[in-house]
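Student:
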Amino acid sequence: MTKIFTRMGDGSPLEMTEAELRGDIEDGISQAVEKGDVPPLTQEEIEYLVELFKRDDRFVGVPLGKEVILSYDAATLKIKRHALFEDRINALAIYERLLGADTLELCHVDYSYKVLKPIVSYEQATLEQALYNTHAPLFYGAMPNLGLYTQPDGPFPNPMELLPQGRIEEGRAAYDQMVEAAVEDICFIAEAMWESGADAINFDTVGASGDPDFKASLMAVERLRGKYPDLPIMVGMAGEFVLGMHGEMYYDGVRLAGLYPKDQLALAEKAGAAIFGPVVNTNANESTPWNLARTIALIKPCGETASIPIHANMGMGVGAVPVTDYPPVDVVSRASKAMVELCRLDGL
Amino acid sequence: MSEAIYQKAIDAIMEADQKLALEAVRQHLDSGVDPMELMNKGFIVGISKVGDLFGSGKMFLPELMLAAEVMQAASQALNQAMPAGRESGYAHIHITAATVKGDIHDIGKGIGIALFRANGFTVHDLGRDVEAEVMIDDAVKNNSQIIATSALLTTTLSEQKKLEETLKKAGLKGKIKTMVAGAPVTPRWANRIGADIYAENAHEGVQGVIRAIKEG
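Protein chains in written order, with my numbering: chain A, 350 to 697; chain B, 766 to 981.
(1) Against chain B, with Cβ distances strictly below 9 Å, would G360 (chain A) count as a contact?
(2) Suppose contacts are defined by Cβ-Cβ distances below 9 Å. Is P671 (chain A) in contact with D359 (chain A) by that definition?
(3) Measure the alpha-carbon distance for T464 (chain A) versus C456 (chain A) and round it to whole angstroms.
(4) Under 9 Å, Cβ to Cβ, is there at least one residue of chain B near D609 (chain A)?
(5) Please state if the CB of E924 (chain B) and the CB of A946 (chain B) are separated by a distance shorter than 9 Å.
(6) Do you know offhand how far T699 (chain A)'s Cα is from M688 (chain A)'s?
(7) Going along the chain, which residues of its own chain have a beta-carbon closer than 6 Å to the beta-carbon of L390 (chain A), five neighbours each way excluded?
(8) Which one of A:E510, A:N494, A:H595 and A:A633 has the shortest CA to CA distance from P676 (chain A)?
(9) Given E929 (chain B), which residues of its chain have a CB within under 8 Å of its CB, disregarding the five upstream and five downstream residues?
(10) Please state the DSSP three-state secondary structure of G385 (chain A).
(11) Going by DSSP, what residue range makes up the beta strand (DSSP E) through L455 (chain A)?
(12) Kindly indicate which three-state DSSP category R356 (chain A) falls into: helix, strand or coil?
(13) Tell me which residue opens and which closes the alpha helix (DSSP H) that M900 (chain B) is part of.
(14) Under 8 Å by Cβ, that's how I've got A669 (chain A) and N640 (chain A) pegged, so tell me the actual separation to the nearest angstrom.
(15) Per DSSP, which one or two residues make a beta bridge with Y489 (chain A)?
(16) Contact between the region 851-864 of chain B and the region 800-814 of chain B is defined here as three or more beta-carbon pairs at a separation below 8 Å; is this criterion met?
(17) Please confirm whether F886 (chain B) has its beta-carbon closer than 9 Å to some beta-carbon of chain A.
(18) Mind checking the region 652-682 of chain A against chain B and listing, in chain order, the residues whose C-beta falls within less than 9 Å of any C-beta there?
(19) Could you tell me which uninterrupted alpha helix (DSSP H) segments, each at least 4 residues in length, are contained entirely in the region 936-975 of chain B, listed from first to last along the chain?
(20) Kindly indicate which three-state DSSP category H431 (chain A) falls into: helix, strand or coil?
(21) On the CB-based measure, 16 or more other CB atoms within 10 Å of its CB, does F408 (chain A) come out buried or exposed?
(22) Any contact of the region 830-845 of chain B with the region 778-786 of chain B, i.e. 3+ C-beta pairs under 8 Å?
(23) Among residues of its own chain, excluding the 5 on either side of P561 (chain A), which ones have a beta-carbon nearer than 7 Å to its beta-carbon?
(24) Regarding K874 (chain B) and the ligand GDP, is the C-beta to nearest heavy atom distance less than 8 Å?
(25) Do the region 858-865 of chain B and the region 888-905 of chain B touch if we need at least three Cβ pairs shorter than 8 Å?
(26) Helix, strand or coil for V417 (chain A) per DSSP?
(27) Cα-Cα, which of B:T931, B:L918 and B:I941 is closest to K906 (chain B)?
(28) For R953 (chain B), go through chain A and note every residue whose CB falls closer than 7 Å to its CB, in chain order.
(29) Based on Cα-Cα distance, which residue from A:T452, A:C651, A:E472 and A:L453 lies nearest to K461 (chain A)?
(30) Helix, strand or coil: how does DSSP classify A669 (chain A) here?
(31) Contact criterion: CB-CB distance below 9 Å. Does K874 (chain B) meet it with respect to chain A?
(32) Whole angstroms is fine: what's the gap from G520 (chain A)'s alpha carbon to M830 (chain B)'s?
(33) Quick check: what's the CA-CA separation for N908 (chain B) versus I975 (chain B)?
(34) Quick check on this structure: which residue in B:G873, B:I809 and B:N966 has the alpha carbon closest to the alpha carbon of A774 (chain B)?
(35) Which full runs of the beta strand (DSSP E) of 3+ residues lie inside the region 862-896 of chain B, going along the chain?
(36) Please report how far the alpha carbon of Q837 (chain B) lies from the alpha carbon of V815 (chain B), in whole angstroms.
This is how it looks when you write it as structure tokens:
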């Protein structure tokens with residue numbers, strides 16, 4: 350019986366029969382339907398995925414004319430992981446001129462809005478130089494990262510110490526304070542960089558610290574768009590659902606905890622985001638076909654309902670891309686092609 | 766009758782209703798059935814469902830903590846009715862938990878600890894940015910059967926390997942089991958460094974520890 354080559358969610362090689370492949374795809378879809386309250390993929394879409402994995406091409410792509418925008422977050426930080434010790438402006442040029450990036454992002458190695466405050470004037474100067482040296486739209490980006498607001502890194506008690514002790518109200522109160530402080534910091538940096546000429550602002554890994562993180566981000570988007578109606582803000586998520594660390598945080602009357610991509614999108618749009626980046630986490634214990642089918646089922650409703658562009662996160666550990674430092678091109682290209690063609694994405 | 770009491774125990778945990786939990790304990794003890802039966806068929810089933818809901822984003826950390834308090838109260842009430850030397854639940858299993866040296870990310874660790882405590886385990890939380898030697902000292906001091914570590918960064922993963930090597934040098938490898946978790950951690954990494962348990966998420970971590978304990 351012919352075996353089909355693919356990979357596990359950690360990137361290790363795997364061979365499957367067609368029946369096993371089909372079973373994994375159907376199982377991944379079932380899990381998405383159950384967890385994310387989304388419709389299943391159609392039989393036609395399942396057949397598309399089966400055929401995609403059966404192909405023996407090392408690399409696959411979309412047809413001419415069907416290409417999408419390639420936007421990169423934290424580019425000036427990530428390039429150093431590959432032992433390319435370029436300064437940030439050279440890094441942006443490499444992304445623009447060698448890697449096909451359609452948008453660029455300048456960021457600092459301490460990739461959080463809070464820690465940028467004391468160095469914002471240096472960042473503004475670097476941004477100005479970067480603008481002189483690149484052509485593509487240049488974002489400035491960082492993480493809301495509410496994790497930095499707790500002691501000893503910040504002023505507030507750590508809810509992750511309080512909550513496990515059953516001190517729930519104290520933990521929630523700390524989160525409430527953290528949200529207020531984070532909104533101020535995010536807006537301070539975003540305003541400074543926009544005023545200095547950034548083409549857009551990226552809020553990266555929104556929700557990494559759970560529902561307070563998501564709430565602070567939505568509030569900051571709303572405030573910034575109120576002050577600067579032309580400021581485009583990209584909201585890229587951290588995980589497939591919003592962790593309920595507080596549990597009782599609301600935005601526009603919607604409880605934030607537990608929201609999956611399509612519902613996260615609705616609130617990001619409402620707040621005023623210009624681009625939304627949904628995330629689905631890769632499960633290292635499952636195959637790439639399982640992960641990809643699940644990812645597509647969870648993200649497809651975003652493309653069907655969005656009134657703003659959707660740039661799905663496709664990198665190590667998300668978007669069915671394996672959890673490994675150098676994700677293999679066979680599965681990365683399959684995942685990218687399928688995401689673009691089945692989810693009606695505007696970018697990756 | 767027993768089935769109704771087991772269901773009451775499950776509901777008590779899922780609804781974080783301590784009064785209902787203690788009522789289930791009283792009714793069960795009155796029936797004369799082994800107290801362990803209520804723990805295994807009622808409360809543990811309930812907390813396992815809570816773990817599933819938490820893992821799906823349908824239940825949240827504060828609710829998990831309230832369920833944990835009810836679980837603890839139910840365990841104490843059942844233990845009082847147990848013969849000396851016998852104990853229901855997992856309170857006798859000690860776990861030393863920490864985020865590895867160089868890593869300050871503690872949300873995943875906090876969620877894991879919350880779920881372990883909810884399941885009745887005794888957890889010693891050493892916080893974040895913790896040296897392997899400190900973890901081992903704590904495990905020895907508290908007689909922990911498990912050292913659980915979290916690493917969020919690819920750059921701090923190597924600390925999990927260092928823990929395995931340090932345990933070997935101390936002659937404790939195998940005596941103290943290790944559990945590894947964190948965003949870049951994979952089953953392949955766990956196998957490569959010789960960790961005993963891999964946790965994709967908090968719920969899987971609890972199940973992995975329970976399996977490891979049963980296997981001895």
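In this text, a Cβ means the ideal position worked out from N, Cα and C, and glycines have one as well. Computed from a predicted structure; not experimentally measured.
Tutor: With the structure as the only source:
(1) Contact with chain B is found for G360 (chain A), since one of that chain's Cβ atoms lies less than 9 Å from the residue's Cβ.
(2) Note that the C-beta distance between P671 (chain A) and D359 (chain A) is below 9 Å.
(3) Residue identity check: residue 464 (chain A) is Val in the sequence provided, not Thr. Each residue's Cα considered, the two are about 12 Å apart.
(4) Residue identity check: residue 609 (chain A) is Tyr in the sequence provided, not Asp. Yes, contact with chain B.
(5) A946 (chain B) places its beta carbon 9 Å or farther from that of E924 (chain B).
(6) Summary: the structure shown does not reach residue 699 (chain A), with chain A confined to residues 350 through 697, and so no result is reported for it.
(7) So the list reads I378 and A646, once near-sequence residues are dropped.
(8) In terms of CA proximity to P676 (chain A), A:A633 leads the group A:E510, A:N494, A:H595 and A:A633.
(9) K938, T943, I958, G959 and A960, listed in sequence order.
(10) DSSP places G385 (chain A) in helix when its eight states are reduced to three.
(11) In the DSSP annotation of this structure, the continuous segment of the beta strand (DSSP E) that includes L455 (chain A) starts and ends at L453 to L455.
(12) Secondary structure of R356 (chain A) (DSSP, three-state): strand.
(13) Boundaries of the alpha helix (DSSP H) harbouring M900 (chain B): A897 to N907, taken from the DSSP string.
(14) 4 Å between Cβ atoms; contact.
(15) As computed with DSSP, Y489 (chain A) is found in a beta bridge with A:L455 and A:I550.
(16) The region 851-864 of chain B makes contact with the region 800-814 of chain B, as at least three CB pairs between them are under 8 Å.
(17) Output row for F886 (chain B): interface = no.
(18) Under the 9 Å Cβ criterion, the region 652-682 of chain A contributes M665, G666, P671, V672, T673 and D674.
(19) Taken in chain order, the complete alpha helix (DSSP H) segments of 4 or more residues contained in the region 936-975 of chain B are 952-958.
(20) In the displayed model, H431 (chain A) falls within a helix according to three-state DSSP.
(21) The residue is exposed, with fewer than 16 neighbouring Cβ atoms inside 10 Å.
(22) At 8 Å Cβ cutoff, the stretches touch.
(23) Sequence-distant Cβ neighbours of P561 (chain A) in its own chain, meaning closer than 7 Å and more than five residues away, are L495, Y524, M527, V528, M594, H595 and M598.
(24) The model depicted lacks the ligand GDP and carries no ligand whatsoever.
(25) Taking a cut-off of 8 Å on C-beta distances, the region 858-865 of chain B touches the region 888-905 of chain B, as three or more cross pairs fall below it.
(26) Coil, per DSSP.
(27) Selected option, being the one with the closest Cα: B:I941.
(28) One finds D359 and S361 in chain A with Cβ atoms closer than 7 Å to the Cβ of R953 (chain B), taken in chain order.
(29) The question names Lys, but residue 461 (chain A) in the sequence shown is Ser. Measuring from the Cα of S461 (chain A), the nearest candidate turns out to be A:E472.
(30) Coil.
(31) Output row for K874 (chain B): interface = yes.
(32) Rounded to whole angstroms, G520 (chain A) to M830 (chain B) spans 12 Å at the Cα level.
(33) Distance between the alpha carbons of N908 (chain B) and I975 (chain B): 17 Å.
(34) When each option's Cα is compared against that of A774 (chain B), the closest is B:I809.
(35) As far as the region 862-896 of chain B is concerned, its whole beta strand (DSSP E) runs of at least 3 residues are 887-890.
(36) Answer to the nearest angstrom: the Cα atoms are 14 Å apart.
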